[in-house]
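Numbering follows the working numbering, with no gaps: position 98 of the sequence shown is 98.
Using N, Cα and C, we set each Cβ at its ideal position, and we do this for glycine too.
Nothing here was measured: the structure is a model prediction, and the numbers come from that model.
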Amino acid sequence: MTTPPSTDPDTHTHTHTDAHTDPDTHTDAHTDPDTHTDRDPGPDTTAPYTLGLRLAAACGLLFLLACLVFTGMITLRDAVEGDGSGGVFIAAGFWSLALGAVAGVAALAVPRRALVTAQYCLGAAGPLLALID
Numbered sequence: 001m002t003t004p005p006s007t008d009p010d011t012h013t014h015t016h017t018d019a020h021t022d023p024d025t026h027t028d029a030h031t032d033p034d035t036h037t038d039r040d041p042g043p044d045t046t047a048p049y050t051l052g053l054r055l056a057a058a059c060g061l062l063f064l065l066a067c068l069v070f071t072g073m074i075t076l077r078d079a080v081e082g083d084g085s086g087g088v089f090i091a092a093g094f095w096s097l098a099l100g101a102v103a104g105v106a107a108l109a110v111p112r113r114a115l116v117t118a119q120y121c122l123g124a125a126g127p128l129l130a131l132i133d
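Quick look at the structure:
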C-alpha cells in the first residue's frame, strides 16, 4: 500500500504508485502494445515516394512518345515493303500506346506504382506488336 502525499511544502518526498500493485488503478486487459488498436499507427513508412513516382510517370510519357515514333516508323516500313495495309497487330500496337498514355496521365494524377509499371509495359508493347505484323 502507498502512503498519501505529504502536505508539508518543506518535505520533498515523492511517492510512486505502481499500476500493478495499486488496487484502485484500472488495468486494461490488452496490455500488449502490438495488439492495442486505440493508438495512431503514425505515418506509413512503406508508402512509395509520390514525387519519384510522378517523375517516373512524366519520364514515361516521354518514353511513350519515343515508342510512338518508333511504332510509326515500323508501320511506314511495313506499308512500303509489305502489302500496303496495316494489320491487326499494328492497330493493337497503337492501342497499346494509347492505353499507356492513359495510364501515364492517371499515374501523374494519382501516383501508384502499378500505374507507372503499366505505362512502361504498354509503351514497350506498342513497337513489339507492330514488329509482329
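Check: Sorted by chain position, which residues of the same chain lie with C-beta nearer than 8 angstroms to ALA124's C-beta, five sequence neighbours on each side aside?; Outcome: CYS67
Check: Which of helix, strand or coil does DSSP assign to VAL116?; Outcome: helix
Check: Go ahead and label LEU64 buried or exposed: buried means 16 or more other beta carbons lie within 10 angstroms of its beta carbon, across all protein chains shown.; Outcome: buried
Check: Could you name the residues of the same chain whose beta carbon sits closer than 7 angstroms to that of SER96, not counting the 5 residues immediately before and after it, in chain order?; Outcome: LEU122, ALA125, GLY126, LEU129
Check: Assign GLY82 to one of two classes, buried (16 or more other C-beta atoms within 10 Å of its C-beta) or exposed (fewer than that).; Outcome: exposed
Check: Quick check: VAL116 and ALA56, are their CB atoms within less than 9 angstroms of each other?; Outcome: yes
Check: If you run the structure through DSSP and keep just helix, strand and coil, what is GLY100?; Outcome: helix
Check: What is the DSSP secondary structure of PRO196, counted as helix, strand or coil?; Outcome: In this structure the chain extends from 1 to 133, so residue 196 is not present and cannot be described.
Check: On the three-state DSSP scale, how would you describe VAL110?; Outcome: coil
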